[in-house]
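Engineer:
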Amino acid sequence: MRVGYTSEFLACSAPYSCSRFVLSSPLVASPFHIYNVYLSGVLGHLPCYPDSAVFFKGFESAAGMRVRGKHMTMSDPLAKIKRKLQEEIEQLSHELNIELPKEIAVARAHGDLSENAEYKFAKERQTYVNAKIAQLKKRMGDLGMLNLNNIPKDRSGYGSRVVVLDVARDVKVEYKLVSSEEVDAEKGLISTTSPIGRALLNRRVGDEIEVATPAGKKEFEIVELVTIHDGE
1 MRVGYTSEFL
11 ACSAPYSCSR
21 FVLSSPLVAS
31 PFHIYNVYLS
41 GVLGHLPCYP
51 DSAVFFKGFE
61 SAAGMRVRGK
71 HMTMSDPLAK
81 IKRKLQEEIE
91 QLSHELNIEL
101 PKEIAVARAH
111 GDLSENAEYK
121 FAKERQTYVN
131 AKIAQLKKRM
141 GDLGMLNLNN
151 IPKDRSGYGS
161 RVVVLDVARD
171 VKVEYKLVSS
181 EEVDAEKGLI
191 STTSPIGRAL
201 LNRRVGDEIE
211 VATPAGKKEF
221 EIVELVTIHD
231 GE
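Just so we're aligned, residue 1 is where the sequence shown starts under this note's numbering, counting upward by one.
Given below as structure tokens:
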């Protein structure tokens, strides 16, 4: 059985031992033992299934979990969003520090800055990009502070799927609480910072809530809840 991922390989040889590993974060298990081989290098002799030689690359658990020793830790469902934000920060930083200074220098060379449209545009763009980078870095910091293991297991939170009964219409509606970057109203993905999202946070099955929406006041009863822990 293999869970996790590895950048290199695992080599096991008889009799019942594994002697050298060059891996990033794999988990190796025989029918009798399970090990987390996390560090690179020689780890000595560990019990292993006899006469086995296993080579594997780029394998990741479909369950989205990593096992370390006897403890299960949840993988980061926000990793893709963080990468996207970081890429945007790097692109804007390149524009701010490399491209815009060149444009401003060229515009200055034209003289009479008071009527220089190119210079004015470049300076305005510089101000905008600088503010946008600060905003993205703050968002990265906010996401970095979100510890998924601290999300309650018996109440709604980020990643929860919540089915509510619209009391006035007597119909059920399903929502999933996500970050602002993941919002898709057509798929029922709503931000935890939206009016409905905020009202649904920290709720249990049977709770009744009232939400002020653009369409008027809504009354909901929570009839089903699947937290991010259950979903994983």
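Where is the CB? At the ideal position from N, CA and C, for every residue including glycine.
According to DSSP, is Leu-39 helix, strand or coil?
Structural biologist: With a pLDDT of only 35 at Leu-39, under 50, the local geometry of the prediction cannot be trusted, and no value is derived from it.
Engineer: By DSSP's criteria, Val-223 is part of a beta bridge. Which residues make up the other side?
Structural biologist: Its beta-bridge partners do not exist; DSSP assigns none.
Engineer: Give the range of the beta strand (DSSP E) segment to which Lys-80 is assigned.
Structural biologist: Looking at the DSSP string, Lys-80 is not in any beta strand (DSSP E); the run it does join, the alpha helix (DSSP H), is 79-94.
Engineer: Determine which residues share a DSSP beta bridge with Thr-213 and list them.
Structural biologist: Gly-216
Engineer: Sorted by chain position, which residues of the same chain lie with C-beta nearer than 7 Å to Arg-139's C-beta, five sequence neighbours on each side aside?
Structural biologist: Closer than 7 Å at the Cβ level, and outside the excluded window around Arg-139, lie Leu-85.
Engineer: Could you pull the DSSP bridge partners for Ser-191 from this structure?
Structural biologist: Val-178
Engineer: For Phe-21, count neighbouring C-beta atoms within 10 Å of its own C-beta (all shown protein chains included) and say buried if the count is 16 or more, exposed if not.
Structural biologist: A caution first: Phe-21 carries a pLDDT of 40, below 50, which makes its placement in the model too unreliable to give a value.
Engineer: For Glu-103, which option in Glu-118, Ile-89, Asp-112 has the closest C-alpha, if you only look at C-alpha atoms?
Structural biologist: Glu-118
Engineer: If we require 3 or more residues per run, which beta strand (DSSP E) segments fall completely within the segment 93-173?
Structural biologist: 161-166
Engineer: Report yes or no: do the segment 78-96 and the segment 135-150 share at least 3 C-beta pairs separated by less than 8 Å?
Structural biologist: By the Cβ criterion, the segment 78-96 is in contact with the segment 135-150, since at least three pairs of Cβ atoms, one from each stretch, lie closer than 8 Å.
Engineer: Please return the same chain residues whose Cβ sits closer than 8 Å to the Cβ of Arg-198, not counting the five positions on each side in sequence.
Structural biologist: Thr-192
Engineer: Comparing alpha-carbon positions, which option in Val-106, Lys-120, Tyr-158, Arg-169 lies nearest Val-183?
Structural biologist: Tyr-158
Engineer: Kindly indicate which residue of Asn-97, Leu-96, Glu-95, Ala-122 has the alpha-carbon position closest to the one of Arg-108.
Structural biologist: Ala-122
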